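Enquirer: Residues are numbered in this note's numbering as their position in the sequence shown, beginning at 1, plus a constant of 90.
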Amino acid sequence: MKRLLLIVNPASGTGKIKTQLFHVVNILSQQYEVTVYITRKRGDATVYAETLDSSFDTIVVCGGDGTLNEVVTGLIKNKNSYRLGYIPSGTLNEWSSGLKISRDMKKAALDVLFNNTIPLDLGKFNDNYFTYTASFGAFTEASYSAPQDIKNLLGKLAYFFEGIKTLESIRPIPLKITCGDRVIEDNFVFGTISNSLSVGGVVHYNETVVELSDGEFEVLLLHYPKTLNDLNNLITGILTRDLNRDGITFLQTNKVFIENAGNVEWTLDGEYVAPQDKIVIENLHKAATFIVPPKK
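1. Measure from the alpha carbon of V382 to the alpha carbon of each residue in F347, M195, N205, Q120, then state which is nearest.
2. Run through the DSSP bridge pairs and tell me what Y295 is partnered with.
3. Rounded to the nearest angstrom, what separates L324 and L200 at their Cα positions?
4. Answer with yes or no whether the minimum CB distance from T136 to chain C is below 9 angstroms.
5. Do T141 and R173 have their C-beta atoms closer together than 9 angstroms?
6. Mind checking whether G270 and T343 have CB atoms under 9 angstroms apart?
7. Given L247, which residues of its chain have a CB within under 6 angstroms of its CB, disregarding the five upstream and five downstream residues?
8. How about T223 and N285: do their beta carbons lie closer than 9 angstroms?
9. In this structure, does DSSP put I263 in helix, strand or coil?
10. Would you list the residues sitting across from F380 in a DSSP beta bridge?
11. If you follow the beta strand (DSSP E) that Q342 is in, where does it begin and where does it stop?
12. To which residues does DSSP link I274 through a beta bridge?
13. In chain order, what residues of the same chain lie with their CB nearer than 6 angstroms to the CB of F251, ignoring the 5 residues before and after it?
14. Quick one: give me the first and last residue of the beta strand (DSSP E) that L142 is part of.
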């Protein structure tokens, strides 16, 4: 039988995998010889994935967006080729929703058996990697500062409410951002370079805008509002998906160069990254082979 590695983060989300693990393994065992690896601490999945040999042809991640990020980072460094599946068990799991991956863990496991694969772009952030987003500014801190128990209780709303709290101490972020031949130098309040239909539970794109394997990122920048009306205009634009408003820059590109970023904190797939003065963000075109549900 083909060999499948199931990497599980038992602490993600509400910890429901603890009651579902047997069922998930039982389903996957219909077609695979399944090996289960349980993560024990942050970064554990990256170290483990980096050392894997070629005896596995399929790797399935059961956890949240952060766990998936760790596995993807390890596999990029690994150099071997694997099919990658995802059984979401985190709080938000927003990226997987764009791929129509079920939040029902048994259903997600069954969909893995169809082995319906597509190529997907990934991102490189200096020496780090991300699956779907690199973000800074307001709302960004919410993805890692909202307490886990609040995330479990409120789900996506936890990110929104935590993001609203950051507006009380909103501050300008001066950056020089180069995308191709376009240079944007200004004060910003938020920015995200992503390959996803949604970011942070706050930003949502129309499906006609985002193509997950086109070799380009969606870049969204909110310029610093000088008045309360400017701020309301930004928030309304994001909530209504109207990206043509004053104060909002939206573009698509395969590479972003950012300068003067030494005081800016980032998150990659919701995980904290310390400030770095100069940042190069590159699209890794079709870098992953991902298992997605079959088309209906």
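In this text, a Cβ means the ideal position worked out from N, Cα and C, and glycines have one as well.
Small disclaimer: the values here were computed from a predicted structure and weren't measured.
Expert: With the structure as the only source:
1. N205
2. DSSP output for Y295 lists no bridge partner at all.
3. 41 angstroms
4. Any reference to chain C falls outside this structure, which holds one protein chain only.
5. no
6. yes
7. No answer about L247 holds up, because its pLDDT of 45 lies below 50 and its placement is not dependable.
8. yes
9. strand
10. L174, I208
11. 338-343
12. I267
13. Its pLDDT being 47, under 50, F251 is placed unreliably in this model, and the value from its coordinates should be taken loosely. For F251, where only same-chain residues beyond five positions count, there are no Cβ hits under 6 angstroms.
14. L142 -> no beta strand (DSSP E), and no H or E assigned at all.
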